[in-house]
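Trainee:
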Amino acid sequence: MKTVEAIKDEQQILSIKSYLECRSPRDYCLFMLGINTGIRIHDLLHLHVKDFMTETGEYYHYLQSSVHTNPPVYLNLQVRNALKSCILDGSLDFNDYLFKSRKSNDPITRQQAYRIINEAAKQARINESIGTHTLRKTFGYHAYRKGIAISLIQKRLQHSTPSETRQYIGVTTQSAVQIKLDVNL
Numbered sequence: 001m002k003t004v005e006a007i008k009d010e011q012q013i014l015s016i017k018s019y020l021e022c023r024s025p026r027d028y029c030l031f032m033l034g035i036n037t038g039i040r041i042h043d044l045l046h047l048h049v050k051d052f053m054t055e056t057g058e059y060y061h062y063l064q065s066s067v068h069t070n071p072p073v074y075l076n077l078q079v080r081n082a083l084k085s086c087i088l089d090g091s092l093d094f095n096d097y098l099f100k101s102r103k104s105n106d107p108i109t110r111q112q113a114y115r116i117i118n119e120a121a122k123q124a125r126i127n128e129s130i131g132t133h134t135l136r137k138t139f140g141y142h143a144y145r146k147g148i149a150i151s152l153i154q155k156r157l158q159h160s161t162p163s164e165t166r167q168y169i170g171v172t173t174q175s176a177v178q179i180k181l182d183v184n185l
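Residue 98 in full-length UniProt numbering sits at position 98 of the sequence shown, with consecutive numbering throughout.
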């Protein structure tokens, strides 16, 4: 199995988002959830509409899944908008899988998710190895670059040590983020 990389260039992320948003609300939502939450692909594919909204149609700000509670998974506005498009475009019912196959009531497969992500990466002219873990790695990398504590990222990615997380997301001590802790009392 070859190692895949995080998408570190934000322009490449924008290219993928643009391509997927035009192509398919479901595929766009898969990408957006993956890069904004760090949830494993197996878990993403088995999420249901009811994990994201009430029966009356109100969208949650945090994922309502018993699996992802520590820390809770925040659903930012971009993700909530992608969810709305995915659910409305797919005419999904409350108990449906969010990433329902077009051929059955089952979720899409890991292989199909891989094909979706790889095709989008090719369209964005990304030459690095890309796979389903790329979504998690991209989440972790950009969270780290924005100053989120490695311990929180480690917890979200369910890693044993901070060094395991740093290696997984592709950051070295040379590329560490400078954080200015200025209380300024």
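A virtual CB, placed ideally from N, CA and C, is assigned to each residue, including glycine.
Under the rule that 16 or more other beta-carbon atoms within 10 Å means buried, what is Ala149, buried or exposed?
Mentor: What you label residue 149 is simply residue 149 of the sequence shown in a count that begins at 1. Burial call: exposed.
Trainee: Tell whether a beta-carbon distance below 7 Å holds between Thr132 and Ile41.
Mentor: In the sequence shown, residue 132 corresponds to position 132, counting from 1. In the sequence shown, residue 41 corresponds to position 41, counting from 1. For Thr132 and Ile41, yes; Cβs fall inside 7 Å.
Trainee: Measure how close the beta-carbons of Lys8 and Tyr144 come, nearest whole angstrom, since I'm counting them as under 8 Å.
Mentor: For the purposes of this step, residue 8 is taken as the residue at position 8 of the sequence shown. For the purposes of this step, residue 144 is taken as the residue at position 144 of the sequence shown. Going by Cβ atoms, the distance from Lys8 to Tyr144 rounds to 11 Å, so no, they are not a contact pair.
Trainee: Okay, do the segment 13-30 and the segment 54-68 touch, 3+ Cβ pairs below 8 Å being the bar?
Mentor: The segment 13-30 vs the segment 54-68: no contact.
Trainee: Here's the rule I'm using: 16 or more other beta-carbon atoms within 10 Å means buried, otherwise exposed. How should Asp51 be labelled?
Mentor: Along the sequence shown, read from residue 1 onward, the residue named residue 51 stands at position 51. The residue in question, Asp51, is buried, as its Cβ has 16 or more Cβ neighbours within 10 Å.
Trainee: Taking a contact to mean a Cβ-Cβ separation below 7 Å, would you say Tyr62 touches Tyr74 in this structure?
Mentor: Against the sequence shown, residue 62 aligns to sequence position 62. Against the sequence shown, residue 74 aligns to sequence position 74. In this structure, Tyr74 lies closer than 7 Å to Tyr62 by Cβ.
Trainee: Can you give, in chain order, each stretch of the alpha helix (DSSP H) that sits fully within the segment 71-109 and has at least 4 residues?
Mentor: Here the runs fully enclosed are 77-89.
Trainee: According to the neighbour-count rule (16 or more other Cβ atoms, all chains shown, within 10 Å of its Cβ), is Phe99 buried or exposed?
Mentor: Numbered from its first residue, the sequence shown carries residue 99 at position 99. When all chains shown are included, Phe99 counts as buried.
Trainee: So, for Asp96: in the same chain, excluding its five sequence neighbours on each side, which residues have a beta-carbon less than 6 Å away from its beta-carbon?
Mentor: Start at 1 with the first residue of the sequence shown, and residue 96 comes out as number 96. Only Val49 meet the Cβ criterion.
Trainee: What are the partner residues of residue 191, as DSSP defines its beta bridges?
Mentor: Nothing about residue 191 can be read from this structure; the chain reaches only from 1 to 185.
Trainee: Let me confirm a value: Gln158 is counted as buried when at least 16 other C-beta atoms fall within 10 Å, else exposed. Which label applies?
Mentor: Looking up residue 158 in the sequence shown gives position 158. It counts as exposed.
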